[in-house]
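Reviewing the structure listed below.
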Amino acid sequence: MFLHQGFMAARYTAEMVLQMLDDGEAVTGLDSESEISDDEDSDYCPGGSGSHLPGNPTEQDQSDSEDSSSVSSEEESQSTTQGRTQSHNIIRSRSGPAQGLSTTVSPKDAWELFITDDIIQEVMKCTNLEGRRVATARRKEWKNVTKDEFMAFIGLTLLAGSEKNWDVSVRELFGSPLHNPMYKATMAIGRFEDIRRTLRFDDKTTRAFRLERDHMAAFRYVWDLFLVNCRQRFIPSDCVTVDEQLVPFRGRCKFLQYMPSKPAKYGLKIFWVCDAHIPYAIDGIVYTGRQPGEDVQKNLGENIVQQLCSRFRNTGRNITMDNFLTSVPLAQHLLEKDLTIVGTLRLNKPDIPPLMKPSKSREVHSTEFGFNNSLAMVSYVRKKAKAVVLLSTMHHDKVVDENSRKKKTEVITFYNKTKGGVDTTDQMVGTYTCKRQTQRWPMVLWYNKIDIATLNAYTFFTAQHPDFKSGITNARRIFLKELSKELVTPHMRSRLEGCPQLQTTIIESMERCGVTKAKTQPQERRGQDQPKRKRCQICPTNKDWKVNNRCGKCNVPVCNDHSQKQVVCLNCIQ
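Every number in our numbering is 14 more than the matching position in the sequence shown, counting from 1.
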């Protein structure tokens with residue numbers, strides 16, 4: 015059973031395609047509550063609101079106008095007749111933390127694998143440059159940010175995210191007695207605001223030259239350093255997911271995106287490749303539009319997927335994607351690189367035969383299959399005159415769940431299980447985000463990078479310590495709390511030791527956080543042999559000099575000026 019070469023529907027009539035198909039018998043299958051649209055993919059919901067997760071019926075599509083890349087997950091718990099895994103899809107490498115990395119002891123150890131010292135030093139250097147520039151303009155002096163202080167600054171932002179206080183004003187977090195005392199104990203509110211205002215990620219004096227080639231010059235260097243860490247720290251499983259994330263933002267930016275199908279509508283678009291089974295972001299591309307001097311981009315979806323998945327070549331992995339990225343030329347190109355895909359197709363693609371497009375003559379819940387060499391196409395009628403088309407290079411037969419009421423195909427079942435890799439990651443990031451309100455787009459990417467790094471660190475840490483989250487429903491929140499405390503404690507101790515005149519309320523806050531002064535040796539109490547200090551009896555009254563010395567004969571207080579020391583040899587003492 016083959017379709018014509020390349021699925022070029024314009025060269026064949028419906029009768030000719032019908033002869034190329036199998037016996038033409040309708041196969042009932044998947045039910046979907048959404049349909050394919052020519053608009054942008056609406057499968058993603060930033061911040062975790064309404065995100066589509068596989069196998070979660072409470073977060074399915076809520077209207078028939080949403081994107082067809084979300085296929086219903088109903089009845090997936092029923093048994094399915096799975097086809098035999100192809101030899102080129104068998105991954106023989108172990109997934110999880112990369113080899114050669116030492117076992118992490120604490121959350122901070124895992125976090126520092128992604129936010130490494132070179133990133134911290136670069137941001138500190140640029141922040142101090144900006145701080146000195148601003149302070150000089152105001153005729154003030156700038157105190158350089160130290161590493162402990164900057165780590166404490168990040169720790170406080172993560173603490174606010176773990177408590178879901180990202181929209182609470184900084185003054186309320188630091189001043190209200192109802193909030194966590196760690197804010198007040200770590201640093202002053204003025205210092206926190208100064209660091210936040212002057213936080214920079216590049217040298218402003220050389221930015222104009224770099225902007226001539228890159229719209230993202232103000233954040234490019236630290237972003238690339240972070241992505242290198244993400245790619246090197248973890249080995250993904252046999253299936254990855256490519257999708258987009260819209261980071262909400264409404265400020266001024268050359269590459270600001272307007273997507274009316276998204277809840278946020280305005281924001282910065284990031285294409286991510288994530289593991290399909292665990293929440294881990296492997297690589298990402300910030301969509302900056304056409305760069306200065308470049309031609310108009312064509313086949314954007316294909317270029318994005320090829321760039322994100324270039325490191326997976328010749329590994330036999332599968333890539334699941336939505337209808338914005340899926341195409342027949344992309345599937346054929348990836349097959350040459352020993353990679354397979356599973357994804358939905360937009361109905362306006364010329365590669366879809368007329369027989370597989372929506373038609374009132376097709377029965378509801380019927381499925382048509384088409385095969386051409388290594389390409390497989392599945393068309394399912396979810397409701398009257400509505401069809402969902404999927405393309406796969408991983409499946410090569412018509413495996414159907416015969417025990418299911420709707421008889422879903424293996425292609426659809428696999429797609430439902432692997433489509434939510436990016437959506438799951440984005441939902442988890444949005445649940446405990448550290449973002450703060452800002453009008454600077456580099457700060458938006460910085461907060462999102464910290465969130466992604468924290469989630470990757472959590473996945474890395476729990477992979478090495480599986481008992482950490484066993485039986486705990488809020489394990490990730492506990493991870494964030496411990497990470498925040500580890501980041502702020504060194505600076506809190508140095509503040510306590512270096513500032514002897516701290517307010518009593520700050521010292522009490524530090525004690526509540528477990529940071530106290532080192533205990534000194536208690537002074538001996540004065541007894542009868544240590545009389546109180548009294549004024550010298552020989553000095554004039556107006557001098558009022560209190561002394562401890564006393565005369566050896568009359569025992570009256572006397573100062574050094576009115577007494578003399580007697581030198582006695584050791585023999586006389588005996």
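For glycine and all other residues, C-beta sits at the position ideal for the given N, C-alpha and C.
Identity of the residue in the options nearest residue i by Cα
{"i": "K198", "options": "F215, T220, A174", "result": "A174"}
{"i": "D216", "options": "I209, L349, R234, E226", "result": "R234"}
{"i": "T14", "options": "R454, K422, T473", "result": "The structure shown does not extend to residue 14, since the chain spans only 15 to 588, so no value can be given for it."}
{"i": "V300", "options": "Q311, A290, E258", "result": "E258"}
{"i": "P111", "options": "Q453, R153, P250", "result": "P250"}
{"i": "I168", "options": "Q305, L494, R547", "result": "L494"}
{"i": "G444", "options": "K421, R490, P554", "result": "R490"}
{"i": "Y280", "options": "Y294, L260, P293, D289", "result": "L260"}
{"i": "I521", "options": "S375, T200, D352, A471", "result": "T200"}
{"i": "D162", "options": "S176, M138, K154, R152", "result": "M138"}
{"i": "L497", "options": "V436, Q271, I134, S176", "result": "S176"}
{"i": "K397", "options": "S373, P306, V413, P456", "result": "S373"}
{"i": "A166", "options": "E500, R547, E511", "result": "E500"}
{"i": "T407", "options": "V414, D415, F428", "result": "F428"}
{"i": "Y446", "options": "N430, L469, L510", "result": "L469"}
DSSP state of residue i mapped onto helix, strand, coil
{"i": "Q446", "result": "A quick correction: the sequence has Tyr, not Gln, at residue 446. Looking at Y446 - three-state DSSP - the assignment turns out to be coil, as it is neither helix nor strand."}
{"i": "A112", "result": "coil"}
{"i": "M335", "result": "strand"}
{"i": "K283", "result": "strand"}
{"i": "V378", "result": "coil"}
{"i": "I292", "result": "coil"}
{"i": "S120", "result": "coil"}
{"i": "T503", "result": "helix"}
{"i": "M391", "result": "strand"}
{"i": "Q271", "result": "strand"}
{"i": "D45", "result": "Only weak support exists for where D45 lies, its pLDDT of 34 falling under 50; the value from the coordinates is given anyway. Three-state DSSP puts D45 in coil, outside helix and strand."}
{"i": "I486", "result": "coil"}
{"i": "D81", "result": "Low confidence applies to D81: its pLDDT is 41, below 50, so where it sits in the model is not reliable enough to give any reading."}
{"i": "K198", "result": "helix"}
{"i": "R205", "result": "helix"}
{"i": "R266", "result": "coil"}
{"i": "T220", "result": "helix"}
{"i": "E88", "result": "Low confidence applies here, because E88 scores a pLDDT of 40, under 50, leaving its location unreliable; read the following figure in that light. Correct three-state label for E88: coil."}
{"i": "K312", "result": "coil"}
{"i": "P571", "result": "strand"}
{"i": "C583", "result": "coil"}
{"i": "R147", "result": "helix"}
{"i": "R396", "result": "strand"}
{"i": "N386", "result": "strand"}
{"i": "T171", "result": "helix"}
{"i": "T354", "result": "strand"}
{"i": "F326", "result": "helix"}
Cβ neighbour criterion (16 or more within 10 Å) applied to residue i
{"i": "C583", "result": "exposed"}
{"i": "A399", "result": "exposed"}
{"i": "R325", "result": "exposed"}
{"i": "P274", "result": "exposed"}
{"i": "A390", "result": "buried"}
{"i": "N158", "result": "exposed"}
{"i": "I486", "result": "exposed"}
{"i": "D309", "result": "exposed"}
{"i": "S120", "result": "exposed"}
{"i": "A467", "result": "buried"}
{"i": "P367", "result": "buried"}
{"i": "N556", "result": "exposed"}
{"i": "Q453", "result": "exposed"}
{"i": "F383", "result": "buried"}
{"i": "A222", "result": "exposed"}
{"i": "E424", "result": "buried"}
{"i": "T432", "result": "buried"}
{"i": "S116", "result": "exposed"}
Identity of the residues DSSP links to residue i by a beta bridge
{"i": "I299", "result": "F285"}
{"i": "V414", "result": "T423"}
{"i": "Q259", "result": "I284"}
{"i": "L359", "result": "V403"}
{"i": "C253", "result": "N332"}
{"i": "K548", "result": "V561"}
{"i": "T438", "result": "Its beta-bridge partners do not exist; DSSP assigns none."}
{"i": "F474", "result": "The partner list for F474 (beta bridge, DSSP) is empty, contrary to what the question assumes."}
Between the segment 180–200 and the segment 144–151, can you find at least three pairs of beta-carbon atoms closer than 8 Å?
By the Cβ rule, the segment 144–151 does not count as touching the segment 180–200, because fewer than three pairs are nearer than 8 Å.
On the three-pair Cβ rule with 8 Å, is the segment 336–343 touching the segment 305–324?
With the cut-off at 8 Å, the segment 336–343 and the segment 305–324 touch.
Can you find at least 3 beta carbon pairs, one from the segment 275–293 and one from the segment 453–467, that sit closer than 8 Å?
Cβ pair count under 8 Å is three or more, so yes.
At a cut of 8 Å, does the segment 236–251 reach the segment 120–140 through at least three beta carbon pairs?
Contact between the segment 236–251 and the segment 120–140 is present, with at least three C-beta pairs closer than 8 Å.
Say whether the segment 201–212 touches the segment 223–234, bearing in mind that this needs 3 or more beta-carbon pairs closer than 8 Å, one atom from each stretch.
The answer is no - the segment 223–234 does not touch the segment 201–212, with fewer than three Cβ pairs under 8 Å.
Could you tell me whether the segment 400–410 touches the segment 348–368, using the rule of 3 or more Cβ pairs below 8 Å?
Proximity of the segment 400–410 to the segment 348–368 meets the contact definition, three or more beta-carbon pairs being nearer than 8 Å.
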